[in-house]
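The following block contains the structure:
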């Protein structure tokens, strides 16, 4: 039997921006853990969590990116 491609699982590759030379506080670590758990759970919240993390941790309003 032929498998309908639209019925196959869809995957997206993404990377979480992270600077290993930067000090990580508890809030940042907590955000990363929350994102990784959401990814593991295949949660629909992943895009929002990633966006919030990028806007608040990676590129906050006080920094020009």
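In the UniProt record's numbering, the protein residues as written are 1 to 65.
Glycine included, every Cβ here is placed at the ideal spot set by N, Cα and C.
*When 60, 25, 32 are compared against residue 49, the one with the closest alpha-carbon*: Walking along the chain shown from the start, residue 49 turns up at place 49. When C-alpha distances from residue 49 are compared across 60, 25, 32, the shortest belongs to 32.
*asked:* Rounded to the nearest angstrom, what separates residue 15 and residue 43 at their Cα positions?
replied: By one-based count along the chain shown, residue 15 stands at place 15. By one-based count along the chain shown, residue 43 stands at place 43. So the two alpha carbons sit approximately 16 Å from each other.
*Is residue 53 helix, strand or coil when you go by DSSP?*
Taking the first residue of the chain shown as 1, we reach residue 53 at position 53. Annotated three-state conformation of residue 53 is helix, per DSSP.
*Using DSSP with H/G/I as helix, E/B as strand and the rest coil, what is residue 31?*
Position 31 of the chain shown, counted from the start, is the residue given in the question as residue 31. Note: residue 31 maps to helix in three-state DSSP.
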